[in-house]
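Okay, so here's the structure we're looking at.
Number of protein chains: 2
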Amino acid sequence: MYLIKDSRMAPKKMISDCAECVLSKDCIPSGISTDNLHRFVGIVSTNISYKAGDVLFEQNAKAQHLFVVKTGSFKTQTTTPHGIEHVNNFFLPGELIGLESASSGISCNTAIALEDGVACKINYQQLTKLRQEFPSLSDFAVKIYSAALALANEIQNNATIQCASSRLATFLVLYNRRLNAHGMQSLGLHLPMCREDIASHLGLAVETISRSFSKLITTGCIKKDGRRVQILNLEKLHDEANLPPRK
Amino acid sequence: MYLIKDSRMAPKKMISDCAECVLSKDCIPSGISTDNLHRFVGIVSTNISYKAGDVLFEQNAKAQHLFVVKTGSFKTQTTTPHGIEHVNNFFLPGELIGLESASSGISCNTAIALEDGVACKINYQQLTKLRQEFPSLSDFAVKIYSAALALANEIQNNATIQCASSRLATFLVLYNRRLNAHGMQSLGLHLPMCREDIASHLGLAVETISRSFSKLITTGCIKKDGRRVQILNLEKLHDEANLPPRK
DNA sequence: CGCCTTATTGATCTACCTCAAAGTCTGTGG
DNA sequence: CCACAGACTTTGAGGTAGATCAATAAGGCG
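As structure tokens, this is what we get:
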């Protein structure tokens, strides 16, 4: 898949060249012709390695970069003035982190690596300049942003569903769809985040997440082993996700 | 304020000219020089009147237009496959409706007028073409989109807060901030939506909204008369919005 | 004025939170 | 390779915030 070489070795040109990246068709380079790709490559720091727990950017700090997940996974979380944390979203390979801070210039949340992974880092200002030169980059931006907004809507809808197991079911359906969107087609998912992160994201208690998993297993929607989840019946999982309120 | 003439009269040129619009500095024209403004004016249907309950666009229908609220207010809502409705967001003067559907071309929710009002309608495709000609329009798009995404994050965070009165308090704080953002500075707000819409938006029961209002009145944060709410103590309302979970 | 929709208030019930404890996984060092 | 410590996860028992049901009150409109 990805050639992550020992750091003592000279980095392979191939790895840092966006032209060769498996994600390029879904990434910003898709908005630039091959001839001009070098212009983009010039403003990206490609393949930065992160260890689990590493911070990409901090809430309330100056936001300077957009990140593209290449391998691994990340989360963003907001801390309220009174110290309560809430996990906003999770990010999978091919997804962009930091979109919401582009205008204000201040990060509205903290981004943290959930596991060891690799991401590319793009400077906002330089990207803005490039966008003015290449109109197709602008199209790509609108496409990415409107998709992010549509996803945010779905996540928001899910957070207001009454039944806890429906929320978890919807979460799994969305997560599975996002995995599949970037070519990792399968009904088996590895959840890289801990139960507490899922609980925070869905606005439920950790214990309720556990019990909801048990319910989804009992009803034959899924089976699981720790963080490894297998969707047995996607149809049934959809039904469970759309239960009438308080059933 | 706005001159909404009797429909039997010839529409005043002034009204439909974006150059004269009080919102233009926050609207798409801000991304175009005065010399080129006519190009934009050519793709907008300005000042369309809506009556309370009128539908701007329907979920799952082909999405062709972006709307700018000029007066009045609107809501967007999603209907799940099993017929449960959820109010996604409310839209105030100066705000854009339909951003999330720009890429897919399919509306992911239904937009409805909450009261009599006026909005302008812009064709996506023509706007896309214009954006390629005017790079500053692209900057405006990114600015608008990232702000919308940041707001969606805040709304999502709010929906996962435990305490019902905290959710309502946060809702009022956000709503007030948005009203003020477009120059309607005041601590008195008129909520154009019914309690049921607020309840749906916050993921609570209508009765809980009523009781939460009562609590906010008892604690001296607000006073109210029907849908007319007056913020008495913004500091206290912030505190109420950030209560520790379950108390 | 009377009808109908919307809003509030009261009483009961329940899903989920909290607290508590046991069980499982992960990694580290002997 | 195994033993242990620590974090993570699950399961159990009881309490509570908010849902639901029910009834009254207040607007809105013909």
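The listed protein sequences correspond, in order, to chains A and B.
The numbers in our numbering rise by one with no breaks, and the one at position 178 of the first sequence is 178.
The numbers in our numbering rise by one with no breaks, and the one at position 114 of the second sequence is 361.
Just so you know, even glycine gets a beta-carbon here, dropped at the ideal spot from N, CA and C.
| Query | Result |
| --- | --- |
| What is the C-beta distance between B/Leu451 and B/Ala411, in whole angstroms, given that I count them as a contact (C-beta under 8 Å)? | 5 Å |
| Between A/Pro29 and chain B, is any beta-carbon pair separated by less than 8 Å? | no |
| For the region 89-107 of chain A against the region 33-53 of chain A, do three or more pairs of beta-carbon atoms, one drawn from each stretch, fall closer than 8 Å, so that the two count as touching? | no |
| Have a look at B/Ser385 and B/Gln379 and give me their C-alpha separation to the nearest angstrom. | 8 Å |
| If A/Val87 and A/Gln77 are in contact, beta carbons under 8 Å, what's the gap, nearest whole angstrom? | 5 Å |
| Counting contacts by CB-CB distance shorter than 8 Å, is B/Cys410 in contact with chain A? | no |
| Quick check: the region 100-113 of chain A against the region 381-400 of chain B, are there 3 or more CB pairs under 8 Å? | yes |
| Taking any Cβ of chain B, which residues in the region 100-129 of chain A have a Cβ under 8 Å from it, in chain order? | Glu100, Ser101, Ala102, Ser103, Ser104, Cys108, Asn109, Thr128 |
| What number of angstroms, rounded off, separates the C-alpha of B/Leu426 from the C-alpha of B/Leu339? | 7 Å |
| Bridge partners for B/Lys470 per DSSP, in chain order? | B/Gln477 |
| Is the distance from the Cβ of A/Ser107 to the Cβ of A/Gln162 below 8 Å? | no |
| Who does A/Phe249 pair with in a DSSP beta bridge? | With chain A covering only 1 through 247, there is no way to say anything about residue 249 of chain A. |
| Can you list the residues of chain A that B/Ile402 reaches, using a CB-CB cut of under 7 Å? | Gln156 |
| Using DSSP bridges, identify the partner residues of A/Thr71. | A/Val118 |
| Could you name the residues that DSSP lists as bridge partners for B/Phe304? | B/Ala358 |
| Per DSSP, what are the beta-bridge partners of A/Ile97 in this structure? | A/Phe67 |
| Tell me where the beta strand (DSSP E) around A/Cys91 begins and ends. | First, the amino acid is wrong: residue 91 of chain A is Phe here, not Cys. 85-91 is the extent of the beta strand (DSSP E) around A/Phe91. |
| If you run the structure through DSSP and keep just helix, strand and coil, what is B/His437? | strand |
| Have a look at A/Thr218 and B/Gln372 and give me their C-alpha separation to the nearest angstrom. | 49 Å |
| According to DSSP, what are the bridge partners of A/Ile48? | A/Ala119 |
| Relative to the C-alpha of B/Cys441, which residue among B/Ala416, B/Gly473, B/Cys367 is closest? | B/Gly473 |
| For A/Lys247, which residues in the same chain have their Cβ closer than 8 Å to its Cβ, ignoring the five residues on either side in sequence? | Because A/Lys247 carries a pLDDT of 48, less than 50, the predicted location of this residue cannot be relied on, and no value is offered for it. |
| On the CB-based measure, 16 or more other CB atoms within 10 Å of its CB, does A/Lys25 come out buried or exposed? | exposed |
| Could you give the C-beta distance for A/Leu149 and B/Ala394, rounded to a whole number, given that I count them as a contact under 8 Å? | Going by Cβ atoms, the distance from A/Leu149 to B/Ala394 rounds to 11 Å, so no, they are not a contact pair. |
| For B/Val291, which of B/Ala308, B/Gly300, B/Asp282, B/Ala266 has the nearest alpha-carbon? | B/Ala266 |
| Could you check what DSSP says for B/Pro258 in three-state terms: helix, strand or coil? | Because the pLDDT at B/Pro258 is just 35, under 50, the model does not fix this residue reliably, and the value given afterwards should be weighed accordingly. Correct three-state label for B/Pro258: coil. |
| Using the beta-carbon count (16 or more within 10 Å), is B/Lys322 buried or exposed? | buried |
| Which one of A/Ala169, A/Ser104, A/Asp54, A/Val22 has the shortest CA to CA distance from A/Lys62? | A/Ser104 |
| Which residue's Cα is closest to the Cα of A/Ala113: A/Pro244, A/Val206, A/Pro192, A/Thr79? | A/Pro192 |
| A/Ser146 versus chain B: which residues are under 8 Å apart at the beta carbon? | Leu346, Glu347, Ser348, Ala349, Ser350, Ser351, Tyr392 |
| Any C-beta of chain A sitting closer than 8 Å to the C-beta of B/Ala308? | no |
| Have a look at the DSSP bridge pairing and note the partners of A/Lys62. | A/Ile106 |
| Considering only residues of the same chain and omitting the five flanking positions on each side of A/Leu243, which have a CB-CB separation below 6 Å? | Cys163, Ser166 |
| Taking the beta carbon of B/Asp444 as the centre, do at least 16 other beta carbons fall within 10 Å, making it buried, or is it exposed? | buried |
| If you draw a straight line from the C-alpha of A/Ser212 to the C-alpha of B/Ala446, how long is it? | 25 Å |
| According to DSSP, what are the bridge partners of B/Gln324? | B/Val334, B/Thr357 |
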